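2 protein chains.
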Amino acid sequence: MAQDHRLRMAAGDIADAAVRGRAMEGADIVFHLAGVLSAFAEQDYALSRRVNLDATLALFEAAGAGTRIVYASSIAVFGAPLPAHVDDRTPPEPALIYAAHKRMCEIALADFARRGAFEGIALRLPGIVARPRGAASTRSAFLSDIFHALRRRETFTSPVSPLSTFWIMSVECCVDNLVHAARLPLSAAATGPALTLPALRLSMAELVAAVARACGVDAASVSYAPDPETEAVFGGYPPLATPLAEKLGFRSDGTADDLVRRVLATR
Amino acid sequence: MAQDHRLRMAAGDIADAAVRGRAMEGADIVFHLAGVLSAFAEQDYALSRRVNLDATLALFEAAGAGTRIVYASSIAVFGAPLPAHVDDRTPPEPALIYAAHKRMCEIALADFARRGAFEGIALRLPGIVARPRGAASTRSAFLSDIFHALRRRETFTSPVSPLSTFWIMSVECCVDNLVHAARLPLSAAATGPALTLPALRLSMAELVAAVARACGVDAASVSYAPDPETEAVFGGYPPLATPLAEKLGFRSDGTADDLVRRVLATR
Chain A
1 MAQDHRLRMA AGDIADAAVR GRAMEGADIV FHLAGVLSAF AEQDYALSRR
51 VNLDATLALF EAAGAGTRIV YASSIAVFGA PLPAHVDDRT PPEPALIYAA
101 HKRMCEIALA DFARRGAFEG IALRLPGIVA RPRGAASTRS AFLSDIFHAL
151 RRRETFTSPV SPLSTFWIMS VECCVDNLVH AARLPLSAAA TGPALTLPAL
201 RLSMAELVAA VARACGVDAA SVSYAPDPET EAVFGGYPPL ATPLAEKLGF
251 RSDGTADDLV RRVLATR
Chain B
268 MAQDHRLRMA AGDIADAAVR GRAMEGADIV FHLAGVLSAF AEQDYALSRR
318 VNLDATLALF EAAGAGTRIV YASSIAVFGA PLPAHVDDRT PPEPALIYAA
368 HKRMCEIALA DFARRGAFEG IALRLPGIVA RPRGAASTRS AFLSDIFHAL
418 RRRETFTSPV SPLSTFWIMS VECCVDNLVH AARLPLSAAA TGPALTLPAL
468 RLSMAELVAA VARACGVDAA SVSYAPDPET EAVFGGYPPL ATPLAEKLGF
518 RSDGTADDLV RRVLATR
């Protein structure tokens, strides 16, 4: 990625004002994806405060009126357990430090946008697949690992039962939505809000079937050894309705097969 | 107040850790009422960030597991314009820096409480009367000034029309509710939430009539010169339902006459 001639790397600690200054120099569109992921944040409040809250607020404070900030929030803001149905009117009830800080930044973003400090839009991302293998030992890693395993015809054991459901999106589809957010004409009414992105709701059995189909392996070769804790977190994502984002042109992958095709086309 | 032998004063900047340390030393119950009020916060983001957000988070971070924090939030979190009806399910949509910071602290408080860092409860206060005369030149000062004026049989001109409505509570009733919050058994389910307090919804005409009655003056002596901006903020507070707080034993003043009696009994 660093070799793409369109990219200028400014690697460093986002909590460092000099690093943020280098990264945002001359930028009229900022995709703010940096963050300490949920499991790590839950183990280290101070780190999450520094990165997920304070550095994000500092980034907002430094942005000028000509800037548009596309802020990556998360479906984690809805907390757990989830209600029987989630839509644009479901009140966020964060149940993780990570989620609380994401929600606090959504509110801050809306307030900066209200005051015209910059144009801002927050997108609540679902589970994004596939992350690089072994990139992060998060509880949701199995959603990526099934792609890595079946593509290599390796055995795979699911830590959730076949009927477990989750909200999921391919990296490609996620990028399309981020770019759409950057280009979208934002009316005063639409600027600032946190939008839950459309996502595919799949069961583990549906995901396994689609990945197996695409990789030409037998879905029956996947075994299941549900882990109670993983099952508790990824056992039952309810139906999700996102008319607000869809009306603005944001899209899910469409079908399980489309999602799998996009994921497998990327290395 | 400083002469009450039960009180120990620790005056200073709440953003100063040493001041917070002195104020909270040995405290098992903390009523956190300190803040930069809405009009001032709107004019000075950095001040609101420092006092209303950062100092509050620092206070939360320093509190021990044996502490209960009663945090004064505000009906300002609901934003403007308000929906036609507000209840415990109405989503807060802050439209002021002050309100955004209050809402962010509500979320932080709930997260600290969820983790058992301390017991926390946030109360959303309505307009509290009467503030000391000339204490703060806020837009809502007229709600206090009418008491000061009619008690002294001075003329009073209302900056809102007779049919303007607002949510209001006497200082006495507010204190009762704060103390109730400090003593309330908090289940795991009840800890952390932000509760909108029951409040009286009165029109200016109703308030004028009750204050005039109690002071023995003619309500017709009050004149009206509605100011469009004040009217826009205090013109139309809709009906308010707060079953969650009422079920937990929080109370409004009951009637306009009760509210006025309590206010006039205090100097």
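Respectively, the protein sequence lines represent chains A and B. Under the numbering used here, the first residue of the first sequence carries the number 1, and numbering increases by one thereafter. Under the numbering used here, the first residue of the second sequence carries the number 268, and numbering increases by one thereafter. Glycine residues also receive a C-beta, built at the ideal position from the N, C-alpha and C atoms. What you are looking at is a predicted structure, and each value in this text was computed from that prediction instead of being measured.
Does residue i come out as helix, strand or coil in the three-state DSSP assignment?
i: B/M436; result: strand
i: A/A72; result: strand
i: A/Y224; result: strand
i: A/H32; result: strand
i: B/L451; result: coil
i: A/V217; result: coil
i: A/E119; result: strand
i: A/E211; result: What sits at residue 211 of chain A in the sequence shown is Val, not Glu. Helix.
i: B/F423; result: strand
i: B/T463; result: strand
i: B/L410; result: helix
i: B/R356; result: coil
i: A/I97; result: helix
i: B/L430; result: coil
i: A/L202; result: strand
i: B/I395; result: strand
i: A/L240; result: strand
Kindly list the residues whose CB is nearer than 8 Å to the CB of residue i, restricted to its own chain and excluding five residues on each side of it in sequence; keep chain order.
i: B/A324; result: One point to set straight first is that residue 324 of chain B is Leu, not Ala, in the sequence displayed. Answer for B/L324: C372, A375, listed in chain order.
i: A/R50; result: A15
i: A/A27; result: T67
i: A/E206; result: A256
i: A/P185; result: none
Apart from the five residues just before and just after residue i, which ones in its own chain have a Cβ nearer than 7 Å to its Cβ?
i: A/T266; result: V171, E172
i: B/R468; result: T432, W434, Y504, P506, L507
i: A/V86; result: F78, P238, L240
i: A/D13; result: V19
Leaving out five residues before and five after residue i in sequence, what residues of the same chain have Cβ atoms less than 6 Å from its Cβ?
i: B/K369; result: S340, S341, V344
i: B/M471; result: S425, V427, P429, S431
i: B/G302; result: N319
i: B/D494; result: P426
i: A/A55; result: I14, A15
With 16 as the cutoff for other CB atoms within 10 Å, does residue i come out buried or exposed?
i: B/P350; result: exposed
i: B/P359; result: buried
i: B/G483; result: exposed
i: B/V396; result: buried
i: B/L445; result: buried
i: A/G64; result: exposed
i: A/R183; result: exposed
i: A/L96; result: buried
i: B/H272; result: exposed
i: B/T463; result: buried
i: B/G401; result: exposed
i: A/S38; result: buried
Residue i: which of the options sits nearest, CA to CA?
i: B/A486; options: B/A492, B/A476, B/E498; result: B/A476
i: B/A284; options: B/L300, B/H352, B/A329, B/C482; result: B/A329
i: B/Y312; options: B/Y365, B/R420, B/K514, B/V489; result: B/Y365
i: B/C441; options: B/G521, B/S315, B/L320, B/R287; result: B/G521
i: B/S488; options: B/P426, B/A408, B/R420, B/A362; result: B/R420
i: B/A481; options: B/R418, B/K514, B/L451; result: B/R418
i: B/V297; options: B/F385, B/L320, B/L515; result: B/F385
i: B/S411; options: B/D271, B/V527, B/D280; result: B/V527
i: A/A23; options: A/L59, A/Y224, A/A225; result: A/L59
i: B/E496; options: B/P399, B/L300, B/A347; result: B/A347
i: A/E231; options: A/S140, A/G127, A/L123; result: A/S140
i: A/L248; options: A/D227, A/G235, A/P226, A/H180; result: A/H180
i: A/F112; options: B/A367, B/A389, B/E513, B/R275; result: B/A367
i: B/A416; options: B/V530, B/G387, B/E309, B/E513; result: B/V530
i: B/S519; options: B/D443, B/V478, B/S454; result: B/D443
Starting from the beta carbon of residue i, find every residue of chain D whose beta carbon is closer than 8 Å, and list them in chain order.
i: A/I97; result: In the displayed structure, chain D is absent; the protein chains listed are A and B.
State yes or no: is the beta carbon of residue i nearer than 8 Å to at least one beta carbon in chain A?
i: B/R420; result: no
i: B/R406; result: no
i: B/P375; result: Correcting the residue type first, residue 375 of chain B is Ala in the shown sequence and not Pro. So yes, B/A375 belongs to the interface.
i: B/A306; result: no
i: B/M291; result: no
Determine, using beta carbons only, whether residue i comes closer than 8 Å to chain B.
i: A/P81; result: no
i: A/A63; result: no
i: A/A55; result: no
i: A/P91; result: yes
i: A/A100; result: yes
i: A/A8; result: The sequence as given places Arg at residue 8 of chain A; Ala does not occur at that position. Not closer than 8 Å to any Cβ of chain B, the Cβ of A/R8 fails to qualify, so no.
i: A/P94; result: yes
i: A/R103; result: yes
Give a single yes or no on whether residue i has its beta carbon closer than 7 Å to a heavy atom of the ligand MN.
i: A/S38; result: This structure lacks the ligand MN, and indeed carries no ligand of any kind.
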